[in-house]
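Last residue of the sequence shown: 314 in this note's numbering, with the numbers rising by one and none dropped.
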Amino acid sequence: GFHTCRILHVLQILLGSIDCPGGFRYKAPYPKQAPPFLKPRGKPGDVQPGKTLPGPHLGFPTGPEDLLIDADGVPQRIDKAFSWDAPLSAHGLMHMVIANAARGDPYPIDVLFMYMANMGWNSSMNLPATLAHLTEKDPATGDYKIPRIIYSDAYFSETVPYADLILPDTTYLERWDCISLLDRPISEADGPADAIRQPVVAPDRNVRPFQDVLLELGARLKLPGMTKEDGTPRYPGG
Numbered sequence: 077g078f079h080t081c082r083i084l085h086v087l088q089i090l091l092g093s094i095d096c097p098g099g100f101r102y103k104a105p106y107p108k109q110a111p112p113f114l115k116p117r118g119k120p121g122d123v124q125p126g127k128t129l130p131g132p133h134l135g136f137p138t139g140p141e142d143l144l145i146d147a148d149g150v151p152q153r154i155d156k157a158f159s160w161d162a163p164l165s166a167h168g169l170m171h172m173v174i175a176n177a178a179r180g181d182p183y184p185i186d187v188l189f190m191y192m193a194n195m196g197w198n199s200s201m202n203l204p205a206t207l208a209h210l211t212e213k214d215p216a217t218g219d220y221k222i223p224r225i226i227y228s229d230a231y232f233s234e235t236v237p238y239a240d241l242i243l244p245d246t247t248y249l250e251r252w253d254c255i256s257l258l259d260r261p262i263s264e265a266d267g268p269a270d271a272i273r274q275p276v277v278a279p280d281r282n283v284r285p286f287q288d289v290l291l292e293l294g295a296r297l298k299l300p301g302m303t304k305e306d307g308t309p310r311y312p313g314g
């Protein structure tokens, strides 16, 4: 399990068996400086309509001043990552999104937009409760506590039946991808490098790569950088 892997890494650190013959190798681009310079963004005022986030949504807080909270200590992210609830959440807390959205904690939302994670199943800590949250209603109004759910997936996963709008995605065999070392490198350990994935089969039916869908959504919404001066899409067809 997780703690078994964790203690193996701790043991290797104590033995000095990192980046040496026979030892564990850092995932590039590590090792990084300490304290880390990358801070998560999303403080009050960082998120503005029609503008990009002024920095990464993930990072490494080194003090209370780096937390994504307001003056009253209220979390700014729906998953409460980088708040006093979970100050050191380097990957976010995606398994808490559905429950927090249904509870309106720290705030209610209008739309829940999910991509590929199948959070109704494999990213949840309590499956029956999580699935119940997806259709939970406000007893006072009869409205769904999560009013609209948009979901993109390549398969008929457990989350699909709960979506109001489904965006059919391609499988990894049907699309182009740029795979960064910062994500899931597929290169060899002795030659770390970014990778380009290319399709080996044509997409089945009317599915589209999710990144192409995002580009078209950005153009339709007239988001900055997504359209030309005449209003036409800057990246037609993805």
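From the three backbone atoms N, C-alpha and C, an ideal C-beta is built for every residue, glycine too.
Because the structure is a prediction, the values reported are computed rather than measured.
- Assignment of beta strand (DSSP E) within the segment 122–187, counting only whole runs of 3 or more residues, yields no such run.
- Of all alpha-carbon atoms in Arg117, Gly196 and Pro215, the one lying nearest the alpha-carbon of Thr206 is that of Gly196.
- Around the CB of Gly98, fewer than 16 other CB atoms lie within 10 Å, so the residue is classed as exposed.
- Out of Phe286, Gln109 and Ala157, the CA that lies nearest to the CA of Arg117 is found in Ala157.
- Taking a contact to require three or more Cβ pairs closer than 8 Å, the segment 246–254 and the segment 279–288 qualify as touching.
- For the pair Asn198 and Leu299, the Cα-to-Cα distance works out to about 32 Å.
- Here Phe113 is not bridged, per DSSP, to any residue.
- Taking the C-beta atoms as reference points, Val283 is found no nearer than 8 Å to Arg224.
- When the Cα atoms are used, Pro112 and Thr138 turn out to be separated by approximately 8 Å.
- Straight through space, the alpha carbons of Met192 and Leu210 are spaced by roughly 16 Å.
- Residue Ile222 holds the alpha-carbon nearest to the alpha-carbon of Val173 among Ile222, Ala271 and Asp270.
- Annotation: the continuous alpha helix (DSSP H) that includes Pro204 extends over Leu203 to Leu210.
- Excluding sequence positions up to five before and after Gly168, its CB lies within less than 7 Å of the CB of Leu134, Asp155 and Ala157, all in the same chain and listed in chain order.
- Taken through DSSP and simplified to helix, strand or coil, Arg296 comes out as helix.
- About 5 Å separates the beta carbon of Asn194 from that of Thr235, a gap short enough to meet the 8 Å contact definition.
- With respect to Glu292, Pro275 sits apart: the two C-beta atoms are not nearer than 8 Å.
- If you draw a straight line from the Cα of Glu212 to the Cα of Ala178, it is about 7 Å long.
- In the structure shown, Ile222 adopts coil according to DSSP, grouped into three states.
- One alpha carbon belongs to Gly126, the other to Glu305, and they sit about 16 Å apart.
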